[in-house]
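In the working numbering, the protein residues as written are 122 to 475. C-beta: ideal position from N, C-alpha, C; glycine also. A quick note: this is a predicted structure, and the numbers were derived from the prediction, not measured. The structure appears right after this line, and notes come after that.
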């Protein structure tokens, strides 16, 4: 009717709605066209067979990954079980050898070294350089600095040589009498291939062609205060040089950085040390205040460097008993280690990060 207002018609499906629907359909078609199994359709529309092929392909990838994980896990488990069974069998049947010093190579490879590798790889994160300076075979005397309250430096050096040397050589260490007087510890040290730091044992090891290690600072280096870190102490009387000269074995200087910080020694309870028969009773920021927790070494970053060997073949038979010769060689080895320590420290940015 004339004069009445017209009703406004609102469309149920606006053009914008149709545009959105068309865009979504176009996107689905584009996504479908990207999959190789749908390229055969010129209109970009997936048939039932093509969709089934896509589903089958996805299932194959999914099942394949699961099968890989499932395959790896049993393999690792079976290897571990096989290794344990082999170890137990050899120990029970006695199918292993022990040398004249008590070294049990089978126990060392199966138990001792795997136990130390956790500290070596994950805790101290040891870096090694100069491993090529160690001979592939035959005798050599490795001379290293000593520090850290407890002799972790020797243990880490043994792992470094075994795991990085192309011949997986065993480092036979000369240790103080006290180590072998301790219950359990002394027997374990023998089985790991180590012996008493005396001239006769050193000569026997070198004469047998063993890679032998000595720490001439002894307890003076191991128990020195933290303020004197990386300052080498006196190298004894040069007995290690005499042993190397007699066996005509090269001397390899070894410098270890990182060991000084694992137990920062800030004090010494001398009365308690005398009562216990120890060279020192250390006080660190965590021990004995934190109890057993204080025995956990701090995770400093380590670097072990083996220097160029110092030959001994050119000396005559009387050189081993000549104090001037032994003094000069001892001083040369000490200066080489000290200089290398300063170089490694200069290149270190952080105690715990390296």
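Using three-state DSSP, classify residue i as helix, strand or coil.
{"i": "residue 230", "result": "helix"}
{"i": "residue 333", "result": "strand"}
{"i": "residue 438", "result": "coil"}
{"i": "residue 451", "result": "helix"}
{"i": "residue 404", "result": "strand"}
{"i": "residue 433", "result": "coil"}
{"i": "residue 443", "result": "coil"}
{"i": "residue 317", "result": "strand"}
{"i": "residue 374", "result": "strand"}
{"i": "residue 219", "result": "strand"}
{"i": "residue 427", "result": "strand"}
{"i": "residue 339", "result": "helix"}
{"i": "residue 475", "result": "coil"}
{"i": "residue 204", "result": "helix"}
{"i": "residue 388", "result": "strand"}
From this set, the options, which residue's C-alpha is nearest residue i's C-alpha?
{"i": "residue 426", "options": "230, 320, 224, 248", "result": "248"}
{"i": "residue 364", "options": "433, 276, 242", "result": "433"}
{"i": "residue 405", "options": "463, 416, 399", "result": "416"}
{"i": "residue 256", "options": "462, 333, 380, 392", "result": "333"}
{"i": "residue 351", "options": "300, 460, 285, 411", "result": "460"}
{"i": "residue 523", "options": "422, 204, 304, 358", "result": "With the chain covering only 122 through 475, there is no way to say anything about residue 523."}
{"i": "residue 390", "options": "444, 440, 401", "result": "401"}
{"i": "residue 245", "options": "453, 258, 447, 274", "result": "274"}
{"i": "residue 366", "options": "287, 204, 242, 262", "result": "262"}
{"i": "residue 291", "options": "394, 241, 230", "result": "230"}
{"i": "residue 285", "options": "304, 316, 241, 270", "result": "241"}
{"i": "residue 232", "options": "212, 380, 464", "result": "212"}
{"i": "residue 444", "options": "322, 358, 258", "result": "358"}
{"i": "residue 431", "options": "442, 196, 219, 449", "result": "449"}
{"i": "residue 269", "options": "381, 418, 453, 437", "result": "381"}
Skipping 5 residues on each side, what residues in its chain have a beta carbon closer than 6 Å to that of residue i?
{"i": "residue 356", "result": "337, 451, 455"}
{"i": "residue 289", "result": "283"}
{"i": "residue 322", "result": "316"}
{"i": "residue 340", "result": "400"}
{"i": "residue 475", "result": "422"}
Using a Cβ-Cβ cut-off of 7 Å (strictly less than) and excluding sequence neighbours within five positions of residue i, which residues of its own chain qualify?
{"i": "residue 318", "result": "295, 296, 297, 335"}
{"i": "residue 473", "result": "420, 421, 422"}
{"i": "residue 307", "result": "300, 301"}
{"i": "residue 324", "result": "364, 367, 368"}
{"i": "residue 393", "result": "402"}
{"i": "residue 379", "result": "245, 421, 422, 423, 424"}
{"i": "residue 440", "result": "366, 446"}
{"i": "residue 280", "result": "234, 237, 238, 241"}
{"i": "residue 272", "result": "343"}
Within a Cβ cutoff of 8 Å, which residues of the same chain sit near residue i, ignoring the five residues on either side of it in sequence?
{"i": "residue 190", "result": "Here the model assigns residue 190 a pLDDT of 44, short of 50, so the residue's position is not dependable, and the following value carries that caveat. Cβ within range, chain order: n/a, list empty."}
{"i": "residue 320", "result": "360, 363, 364"}
{"i": "residue 458", "result": "264, 265, 266, 353, 374, 375, 376, 428"}
{"i": "residue 303", "result": "none"}
{"i": "residue 88", "result": "What the structure shows of the chain is the stretch from 122 to 475, and residue 88 is not part of that stretch, so it cannot be assessed."}
### Complete beta strand (DSSP E) runs within the stretch 247-312 (minimum length 3 residues, chain order)
Listed in chain order, the beta strand (DSSP E) runs fully inside the stretch 247-312 are 248-250, 261-265, 292-296, counting runs of at least 3 residues.
### Message
Across the stretch 247-262 and the stretch 426-443, are there enough close Cβ pairs to call them in contact, namely three or more that are closer than 8 Å?
### Response
yes
### Message
Does the structure place the stretch 341-359 close enough to the stretch 236-244 that three or more beta carbon pairs sit under 8 Å?
### Response
Cβ pair count under 8 Å is below three, so no.
### Message
Would you call the stretch 364-374 in contact with the stretch 324-332, where contact means no fewer than 3 C-beta pairs closer than 8 Å?
### Response
yes
### Query
Is there contact here, the stretch 381-394 with the stretch 195-209, by at least three beta-carbon pairs under 8 Å?
no
### Query
Would the stretch 216-232 and the stretch 312-320 be scored as touching if the rule is three or more Cβ pairs under 8 Å?
Between the stretch 216-232 and the stretch 312-320, the count of C-beta pairs closer than 8 Å reaches three or more; the two stretches touch.
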